[in-house]
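Reviewing the structure listed below.
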Amino acid sequence: MNKIREWFENDSINYGEQYDIYEYEEHLEARTKTTIFMIVSPHEGNKYRWMFRASTISAFDRWANSTAIEEFFETDIELCNYLSEHKLHIYMQLIEYLSREYDELEEIENR
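Residue numbers (this note's numbering): 6 to 116.
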């Protein structure tokens, strides 16, 4: 989990993104004003792979209901490389997710 924490800390230093980082029970949660990221250490339930999840703060209820992105990785280094190489794509996926959430709310209101 140290390499992943370092990735978020370095991203904050290099790109100015401010993360509030919490670690508990083999989980790392990193939050910005708009986004929540969750990393879970390998265990039997995730087939001994690193699990990465992301969602928007505004659409977040709990992970069972609010997972916009969920990816699995064999190593923590592979996960860090994914974060580095796909950061823009991750945020684009979150915008699409948020847009779908708002469309669903609008549909409900118009019924």
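Ideal placement from N, C-alpha and C gives every residue a C-beta, glycine not left out.
Within 10 angstroms of the Cβ of SER104, are there 16 or more other Cβ atoms? Answer buried if so, exposed if not. SER104 is exposed by the Cβ-count criterion.
Cutoff 8 angstroms; reference TYR96; Cβ partners in own chain excluding five residues on either side: THR40
Suppose contacts are defined by Cβ-Cβ distances below 8 angstroms. Is GLU106 in contact with ALA59 by that definition? Not in contact: GLU106 and ALA59 (Cβ atoms no closer than 8 angstroms).
Which residue's Cα is closest to the Cα of GLU11: ASN115, GLU75, SER89? Comparing C-alpha distances from GLU11 to each of ASN115, GLU75, SER89 shows the shortest one belongs to SER89.
How long is the line joining the alpha carbons of LEU110 and ILE44, rounded to whole angstroms? 28 angstroms
Does the Cβ of LEU99 have 16 or more other Cβ atoms within 10 Å, making it buried, or fewer, making it exposed? buried
Report the option in ASP108, GLU79, ILE18, LEU93 whose CA atom is closest to the CA atom of LYS52. GLU79
So GLU34 and PHE42 are supposed to be a Cβ contact under 8 angstroms. How far apart are they, rounded? 7 angstroms
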